[in-house]
Amino acid sequence: MEAKRRFKLFKNGKSWCVGAATIAALGASAIVHPAFADDVNHDTQTMTVGISDKQPDETTMHHDDSKQTTPVVAQQNTTDSVSTADSVSTVDNQQTSSDVKMATKNDQNVAVTVDKQDTTNIEQSAHDEKVVQIGASDTKAQDTKAQNNVSDNQTTTTSIDVKSVQETSVHIERSVATSAAQRAVQQQPVQNRGFVTNQNKTYYYNDQGQVTYGQQKINQNWYLFNATDGAMQVGFQNIPEQKKTVYYATDGQMQYGQQRIQSKWYLFDKRTGAMKTGFQIIPEQQKTVYYASNGQMQYGQQRIQKNWYLFNAQTGAMKTGFQNITNQQKTVYYATDGRMQYGQQRINRHWYLFQKQTGAMQTGIQYIPEQHKTVYYATDGQMQYGQQVIANVWYQSNKITGALIYAPNQAHKVDIVKTVEWFEANKNKLTYSMYGSRNGTDGTADCSGSVTEALYEAGATQPDYLYSTEGLHRYLLANGFKLVVDNDQNGWHSNYGDVVIWGQKGYSLGAGGHVGLISSSDDDNPAFISTCYYTGGQKNTAVQELSYNDFVKRANYPYYYVYRLA
């Protein structure tokens, strides 16, 4: 019966021992051959490790210098290797300096050589495989069989002492495991998907894990990402290729419709998100509003393309119709398109008159120079027709045109000569002041107070008070004067007694206006008498009679009106 023998290497004290086990059909015996460290060549030892798919791991050791050969096979399973690796200290591994060089030959043989200084060199053998034999010799057939078995199973040849073999194998196992773990991490797919915030910036990764840029539609919402770094954009953003400005909320989504942003209202197109400007209709609120070039809704009075508009102070809704501007003490009219109206306007079958510069609605007796007529507007601004009682005086108005027909027998008749003479009589007697009696009773007077007093003493109705240049218009019309000139840039042919008022209505109060009378019949260079500040307020020099042409030039040709007694 053929016997099978196995050899194991183990340490007994300081000595290495080789055990041979013979397995027979009916029994088994073991022979132990002692071997000592002194018997082993200290220069180089070679260990052959074979890895086979058919057999457990085997290790065969031979001594190069020995003439006898004893095959030694050491079996060790995977669990044993791991246990051995765990038992090796870190200090031992650090004390071993390894120089690993890999090369390819046949079945990927690897040779590890350890010199006397415990330096490990792992090389792939480029020579024929040689078996170093130790101890007693067996049959050459057994030796050959052992070598063939190793060759068939990808033999690894290692020159090392036994203790270093254990330490080096652990080091290699750990290095291989670490490299495999690194490759596994590198080969993992990118985990970022969707919105990711990093360093106070938000990014979006698509399904391939790639950062997105520019405009992106995500879950039915539009977003904008920086073209350089992909950071999500918020707030107002200009899209030049689409010629629009849009707004992205703090979550990055494009906004639409009406939006309140930092206490300001904006409007964005419901489909494109483009910011709206100019006049816009808000159908759900039944209002028209106006957005400036910066997109903000406007309120109050606004001058837009040389036209005045009025918008509600709370809602921004554009106003139309009659509107009272309380801070300017005037009533104005805005057409259906929102524009302020001027001059004569027919509104709901009634005629109204609005000042040509301010748009203020006019009331009382007014002269229409382009139609050469004087008309009367009631307190509601509507032109009146037929007989009218105005300042306790009866007037007849044309039933079609509204032109007033003066009834002199029902009113006081003003003597225009006496009016001029009042000023002549007060030369060198009055000092100019707007804060005294204003009509000369205390030795001071101003222009409008003097004219009011002079007219009253010359036969005009008793005034309600001493009028200003603004109030004199109505007083003159109520006492038989008519407006014959309204700022004619070509001048006018003056008459003796013409009352001239400087300063546009609505702007002639205080130093903004002046009034006096033409005191000569010289049409080319008439004289003009008035109470004025010509001498700088010197005492008793308020009444001055000057060349009208020189005086008006000195005043820089102000806006003017001329009233003449009918």
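Reading the sequence shown from the start, the letters are residues -37 to -1, 1 to 529 in mature numbering (1 follows the signal peptide of the UniProt record, and there is no 0). Even for Gly, the Cβ is constructed at its ideal location relative to N, Cα and C.
- The residue from 495, 470, 389 with its alpha-carbon nearest to that of residue 396 is 495.
- Shown here, residue 164 sits in a strand according to DSSP, grouped into three states.
- Comparing alpha-carbon positions, the option among 528, 521, 174 lying closest to residue 457 turns out to be 528.
- The beta carbon of residue 411 sits closer than 8 Å to the beta carbons of 401, 429, 430, 431, 432, 434, 435, 476, 478 from its chain, once the five residues preceding and following it are set aside; these are given in chain order.
- According to the DSSP secondary-structure assignment, residue 340 is paired through a beta bridge with 327, 346.
- With a cutoff of 8 Å on beta-carbon distance, residue 271 and residue 306 are scored as not near each other.
- The continuous beta strand (DSSP E) containing residue 526 extends over residues 523 to 528.
- In the DSSP assignment, residue 266 falls within the unbroken beta strand (DSSP E) covering 263 to 267.
- Exposure of residue 256 is indicated by the presence of fewer than 16 other C-beta atoms within 10 angstroms of its C-beta.
- Spatial neighbours of residue 298 in its own chain (CB-CB distance under 8 Å, excluding positions within 5 residues in sequence) are listed in chain order as 283, 304.
- For residue 500, same chain residues with a beta-carbon under 8 Å away, outside a window of 5 residues either side, are 394, 395, 396 in chain order.
- Rounded to whole angstroms, the gap between the alpha carbons of residue 174 and residue 193 is 6 Å.
- When DSSP states are grouped into helix, strand and coil, residue 385 belongs to the helix group.
- Looking at 365, 408, 509, 473, the one whose alpha-carbon comes closest to that of residue 485 is 509.
- Apart from the 5 residues on each side of it in sequence, residue 358 sits with its Cβ closer than 6 Å to the Cβ of 351, 367 in its chain, given in chain order.
- Residue 460 places its beta carbon less than 8 Å from that of residue 382.
- Spatial neighbours of residue 308 in its own chain (CB-CB distance under 7 Å, excluding positions within 5 residues in sequence) are listed in chain order as 296, 315, 317.
- Proximity to residue 340 across 289, 238, 217, 437 peaks at 437, based on C-alpha coordinates.
- One thing to note: residue 406 has its Cβ no nearer than 8 Å to the Cβ of residue 377.
- DSSP, reduced to helix, strand and coil, places residue 449 within a strand of the structure shown.
- Residue burial is scored here from C-beta neighbours: residue 363 has fewer than 16 other C-beta atoms within 10 angstroms and is therefore classed as exposed.
- The distance from the Cβ of residue 520 to that of residue 489 is about 16 Å, inconsistent with a contact at the 8 Å cut-off.
- Cα atoms of residue 463 and residue 481: separation of roughly 8 Å, rounded to the nearest angstrom.
- Per DSSP, the beta bridge partners of residue 198 are 211.
- A direct Cα-Cα distance of roughly 11 Å separates residue 279 from residue 243.
- For residue 477, the uninterrupted beta strand (DSSP E) segment begins and ends at 477 to 481.
- Remark: C-beta atoms of residue 424 and residue 442 approach each other more closely than 8 Å.
- In the structure shown, residue 313 falls within a strand segment according to DSSP collapsed to helix, strand and coil.
- Sequence-distant Cβ neighbours of residue 514 in its own chain, meaning closer than 6 Å and more than five residues away, are 491.
- Here the alpha carbons of residue 301 and residue 288 stand approximately 15 Å from one another.
- At a Cβ-Cβ threshold of 8 Å, residue 179 and residue 167 count as neighbours.
- Considering only 209, 346, 312, the residue with the shortest C-alpha distance to residue 328 is 346.
- Counting along the chain, residue 366 sits inside no alpha helix (DSSP H), nor does DSSP assign it H or E at all.
- Partner residues in the beta bridge of residue 464, as assigned by DSSP, are 478, 524.
- Excluding its 5 nearest sequence neighbours in each direction, residue 453 has no C-beta neighbour in its own chain below 7 Å.
- The three-state reading of DSSP puts residue 355 in coil, since its state is none of H, G, I, E or B.
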